[in-house]
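For the record, in the sequence shown the residue sitting at position 107 is 199 according to this note's numbering, with numbers rising by one throughout.
Comments concern the structure below.
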Amino acid sequence: MVLVVAGGSCSGKSTLAAAVAPRLGARHIKGDAFFRTDDPSAPRILIAGQMAFDCNHPETLDLARMLNDIQSTAGSVIVDSHFGLYHPELRVLATHRVFVACEADIRAMRRLVRGYPHRGEPQALMEEYMAGARPAFERYIAPTQAYADLVLDGARPTEALAEELMAWLQAE
Numbered sequence: 093m094v095l096v097v098a099g100g101s102c103s104g105k106s107t108l109a110a111a112v113a114p115r116l117g118a119r120h121i122k123g124d125a126f127f128r129t130d131d132p133s134a135p136r137i138l139i140a141g142q143m144a145f146d147c148n149h150p151e152t153l154d155l156a157r158m159l160n161d162i163q164s165t166a167g168s169v170i171v172d173s174h175f176g177l178y179h180p181e182l183r184v185l186a187t188h189r190v191f192v193a194c195e196a197d198i199r200a201m202r203r204l205v206r207g208y209p210h211r212g213e214p215q216a217l218m219e220e221y222m223a224g225a226r227p228a229f230e231r232y233i234a235p236t237q238a239y240a241d242l243v244l245d246g247a248r249p250t251e252a253l254a255e256e257l258m259a260w261l262q263a264e
């Protein structure tokens, strides 16, 4: 089984995947581990007057490495990535496709809580969100919800989402 959990930044996809992986005896593959941060040709974005790595662009993902990692894993895999349903190669590989939908305001608040203070001041975090994550969500990620087999409400508690996902998987 290859379960792909997609959704916007801070929608709850990683938390959900981490909660469900042990119940399924599955390996949890985190999409953030496949960003091409050291690649000078990776997309960049201007934030607060400075060029920065653009983790909200689909080309920042080392897709070949991710696909290889998934395919070389014996047993079940849960992949969480905001681009999990964007790339056709990953969609085809997935046996189950889940999208965690979550309102922009909730995602922004979670981003502040997660990022402050170790990733910067609240104003800088919000500038990054407004310049990068939010428009990228609308452009690249939101349209991929159409590819999901199951859409979950990321505003709900993680345990409720995990139970709903497990029930859906068992019914499949």
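By construction, the Cβ of each residue, glycine as well, lies at the ideal position given by its N, Cα and C atoms.
Cα-Cα separation, residue i to residue j
| i | j | result |
| --- | --- | --- |
| Leu188 | Ala118 | A quick correction: the sequence has His, not Leu, at residue 188. If you take the alpha carbons of His188 and Ala118, they lie about 13 Å apart. |
| Glu251 | Phe127 | 28 Å |
| Ile233 | Ala263 | 27 Å |
| Val243 | Ala134 | 30 Å |
| Thr129 | Ala144 | 10 Å |
| Val192 | Arg115 | 19 Å |
| Leu155 | Asn148 | 14 Å |
| Glu256 | Leu108 | 11 Å |
| Ala225 | Ala166 | 33 Å |
| Tyr239 | Arg183 | 8 Å |
| Glu181 | Val205 | 33 Å |
| Leu261 | Ala113 | 12 Å |
| Ala196 | Pro235 | 15 Å |
| Glu151 | His120 | 22 Å |
| Asp172 | Arg199 | 16 Å |
| Glu219 | Leu138 | 10 Å |
Proximity of residue i and residue j at Cβ, strictly below 8 Å
| i | j | result |
| --- | --- | --- |
| Leu159 | Leu177 | no |
| His179 | Gly100 | no |
| Ala111 | Lys105 | no |
| Leu253 | Ile170 | no |
| Gly246 | Cys194 | yes |
| Asp124 | Val190 | no |
| Cys102 | Arg248 | no |
| Arg157 | Asp146 | no |
| Met93 | Ser168 | yes |
Beta-bridge pairing of residue i - partner residues as DSSP gives them
| i | result |
| --- | --- |
| Met143 | Leu138 |
| His188 | Leu95 |
| Val112 | According to DSSP, which records beta bridges pairwise, Val112 is partnered with nothing at all. |
| Phe127 | Leu153 |
| Ile170 | Leu95, His120 |
Simplified DSSP state of residue i, which is helix, strand or coil
| i | result |
| --- | --- |
| Phe175 | coil |
| Asp241 | coil |
| Arg203 | helix |
| Arg157 | helix |
| Arg119 | strand |
| Ala193 | strand |
| Pro249 | coil |
| Pro235 | helix |
| Gly104 | coil |
| Glu264 | coil |
* Asked: Is it a yes or a no for the segment 228-244 touching the segment 153-170, going by three-plus beta-carbon pairs under 8 Å?
  -> no
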